[in-house]
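Residue numbers (numbering that gives the first Met the number 0): 0 to 148. Since the structure comes first, as structure tokens, the remarks are kept for the end.
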Amino acid sequence: MKKSLFPIISFLLLISCSETIKKETKSSKEKTFVENEITALVLMKSNGKTIEEINKFSNFYTNIVEQNEPNSYGWAHYQKGENIVLIERYKDEAAHLNHINNISSGGILEKEIVEIDVYGTVSDKHKSIINSFNFPTSYNTTLAKYSRD
Numbered sequence: 000m001k002k003s004l005f006p007i008i009s010f011l012l013l014i015s016c017s018e019t020i021k022k023e024t025k026s027s028k029e030k031t032f033v034e035n036e037i038t039a040l041v042l043m044k045s046n047g048k049t050i051e052e053i054n055k056f057s058n059f060y061t062n063i064v065e066q067n068e069p070n071s072y073g074w075a076h077y078q079k080g081e082n083i084v085l086i087e088r089y090k091d092e093a094a095h096l097n098h099i100n101n102i103s104s105g106g107i108l109e110k111e112i113v114e115i116d117v118y119g120t121v122s123d124k125h126k127s128i129i130n131s132f133n134f135p136t137s138y139n140t141t142l143a144k145y146s147r148d
């Protein structure tokens, strides 16, 4: 009897642990989706700068955002011909507005920006703030999506 109890108890413990892991994995996946993420694509001129100067600027700016804006989820510069594309990801509208507040009028990027495309549903107040910079801007409302944290 003792010999048959050990395998049965071991089997039950294994199943129990397996179910707990499945539940934890499922609930952690459910919590990782970002419901109101805002993505911005910013097209910038290189203004005749060398690739080294662009890399230095891109790394400098990326590090500042990473350190000072905890609700920015992604920040990447890409070369596109003579231009630079900046893809910014934010937790939500408030995080994007926080970033906008961190950029002062006449700041370092203002001379570089060609256009901004905002992806995600944003309020009229948000649009008004971005429009005050007088850059060509498009707003692209979310239809369906998922985004992992």
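Positions of the beta carbon are idealized from the N, C-alpha and C atoms, including for glycine.
Residue i in three-state terms, based on DSSP
i: D150; result: With the chain covering only 0 through 148, there is no way to say anything about residue 150.
i: E34; result: coil
i: T19; result: In this predicted model, T19 has a pLDDT of only 49, less than 50, meaning its place in the structure is not dependable; the value taken from the coordinates is given anyway. Residue state, collapsed to three classes: helix.
i: N130; result: helix
i: G73; result: strand
i: E114; result: strand
i: T136; result: strand
i: K144; result: coil
Bounding residues of the alpha helix (DSSP H) (the contiguous stretch that carries residue i)
i: N82; result: Not the alpha helix (DSSP H): N82 falls in the beta strand (DSSP E), residues 82-89.
i: E92; result: 92-101
i: S57; result: 50-67
Span of the beta strand (DSSP E) around residue i
i: I37; result: 37-44
Local Cβ density within 10 Å of residue i, reported as buried at 16 or more and exposed below that
i: E65; result: exposed
i: T19; result: Caution applies to T19, whose pLDDT of 49 falls short of 50 and renders its modelled position unreliable; the value that the coordinates give is listed next. Flag for T19 reads exposed.
i: V113; result: exposed
i: I129; result: buried
i: E36; result: buried
i: A93; result: exposed
i: K90; result: buried
i: A75; result: exposed
i: A39; result: buried
i: I63; result: exposed
* Asked: Does the region 72-91 come close enough to the region 120-138 that 3 or more CB-CB pairs lie under 8 Å?
  -> no
* Do the region 71-80 and the region 129-144 touch if we need at least three Cβ pairs shorter than 8 Å? -> no
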